[in-house]
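Right, one structure below, let's go through it.
There are 2 protein chains.
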Amino acid sequence: MTMRFFATPQDAAAAFYDALERADLDAMMAIWAEDEEVTCTHPGGERLTGFAAVREGWRQIFASGRRASVRTTDAVQRQGVLLALASVHEHYSVPGEEVPRPPVVASNVYVRGAQGWHLLSRHASGAPATSGADISATLH
Amino acid sequence: MTMRFFATPQDAAAAFYDALERADLDAMMAIWAEDEEVTCTHPGGERLTGFAAVREGWRQIFASGRRASVRTTDAVQRQGVLLALASVHEHYSVPGEEVPRPPVVASNVYVRGAQGWHLLSRHASGAPATSGADISATLH
Numbered sequence: 175m176t177m178r179f180f181a182t183p184q185d186a187a188a189a190f191y192d193a194l195e196r197a198d199l200d201a202m203m204a205i206w207a208e209d210e211e212v213t214c215t216h217p218g219g220e221r222l223t224g225f226a227a228v229r230e231g232w233r234q235i236f237a238s239g240r241r242a243s244v245r246t247t248d249a250v251q252r253q254g255v256l257l258a259l260a261s262v263h264e265h266y267s268v269p270g271e272e273v274p275r276p277p278v279v280a281s282n283v284y285v286r287g288a289q290g291w292h293l294l295s296r297h298a299s300g301a302p303a304t305s306g307a308d309i310s311a312t313l314h
Numbered sequence: 175m176t177m178r179f180f181a182t183p184q185d186a187a188a189a190f191y192d193a194l195e196r197a198d199l200d201a202m203m204a205i206w207a208e209d210e211e212v213t214c215t216h217p218g219g220e221r222l223t224g225f226a227a228v229r230e231g232w233r234q235i236f237a238s239g240r241r242a243s244v245r246t247t248d249a250v251q252r253q254g255v256l257l258a259l260a261s262v263h264e265h266y267s268v269p270g271e272e273v274p275r276p277p278v279v280a281s282n283v284y285v286r287g288a289q290g291w292h293l294l295s296r297h298a299s300g301a302p303a304t305s306g307a308d309i310s311a312t313l314h
């Protein structure tokens, strides 16, 4: 596994979406921090913790054979010295599907190390198709 | 609205869970950064962006009248100079419910400002009741 150098969190994010669209597992894992404390939560999924578990999660997703193009909107970003947060809406377009899928809300946290910026944590969940939805039904 | 001072992200987190258990809206909002770029995503919900929207989300949740005690496990934390990440599993105990609810995965990002550490972003989603679940069914 070769870790790629990313000068900014935005560079790492661009490589993330490129790897996602191409379903390229090696490229995907090259943007993650090589750290036992990386976490990745896919929509509807449990939290995957540690590099090996995160890799296995992406391997399973990419193995499904489905492909999508992704565009992001509504970015809210904050960059610190060592950590950076990017919250976005991700819109997946799947060939053959005519009805757009509801967006995915994603919170991505990047960490700066000797090899530049890499993904430390990703939390993604499906947004409800209709705005507002059942927030008051969420006990939480 | 009085902003409280928190010397560490952990102090802010403790106040967050205390406010959540007491369903105290003013106490809850005192731990958020007063920032137009705060974001909060409740389980199953859309992303709420901006202090007013985040406040309204908590108001609706607290207005439901349901109360729960919360404990956290599996904390993964990383603190930078200006930002800090805490990923946890939250376990909600609701009076009268005998079957435990599945945990909530929460990614909380804190920001340091003149008034100490405050919550900048919270992303929470329900973990599947059974481990592993349908990760490969997630297109994503």
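Chains as they are written, first to last, in the working numbering: chain C, 175 to 314; chain G, 175 to 314.
Cβ atoms here follow ideal geometry from the backbone N, Cα and C, with glycine treated the same way.
For clarity, every value in this text was computed on a predicted model and none was experimentally measured.
Taking 8 Å as the cut-off, the Cβ atoms of G:E210 and G:G224 count as close. Taking a Cβ-Cβ cut-off of 9 Å, the neighbours of G:L256 in chain C comprise R252, Q253, G254, V255, L256 and L257, given in sequence order. Within the region 277-298 of chain C, those residues whose Cβ lies closer than 9 Å to any Cβ of chain G are, in chain order, P277, V278, V279, A280, S281, V283, V285, R286, L294, S295, R296, H297 and A298. Under the three-state reduction of DSSP output, C:L256 falls in the coil class, being neither helix nor strand. Spanning the alpha carbons of G:A197 and G:A226 requires a straight line of approximately 17 Å.
Taking the CA atoms as reference points, G:V283 sits about 10 Å from G:W206. The beta-carbon distance between G:A298 and G:P217, rounded to whole angstroms, is 5 Å. This is short enough to meet the 8 Å contact definition.
Straight-line measurement puts the Cα of C:D192 at about 20 Å from the Cα of C:A258. Shortest Cα-Cα distance from C:A242 to any of C:P274, C:S261 and C:G219 involves C:P274. Below the 9 Å Cβ cutoff, chain C contributes no neighbours of G:S267, its closest Cβ being approximately 11 Å away. Within chain G, the residues D248, S261, H263, V279 and A301 have their CB atoms less than 8 Å from the CB of C:R221, given in chain order. Among the residues of the region 194-228 of chain C, those with a Cβ less than 7 Å away from any Cβ of chain G are E211, T213, T215, H216, P217, G218, G219, E220, R221 and T223, in the order of the chain. In chain order, A242, V244 and R275 place their CB closer than 6 Å to the CB of G:Y266, counting only its own chain and leaving out the 5 sequence neighbours on each side. Within its own chain, the residues whose Cβ lies closer than 8 Å to the Cβ of G:T215, once the five positions on either side in sequence are excluded, are R221, L222, R296, H297, A298 and S299, listed in chain order. DSSP lists C:T246 and C:V278 as the beta-bridge partner residues of C:E264.
Sequence-distant Cβ neighbours of C:D248 in its own chain, meaning closer than 6 Å and more than five residues away, are H263. The continuous alpha helix (DSSP H) containing C:A187 extends over residues P183 to R196. Rounded to whole angstroms, the separation of the alpha carbons of C:G219 and C:F180 is 28 Å. According to the DSSP assignment, G:W291 belongs to no alpha helix (DSSP H) but to the beta strand (DSSP E) extending over G290 to G300. Using a Cβ distance threshold of 8 Å, C:A303 and C:A187 do not count as a contacting pair.
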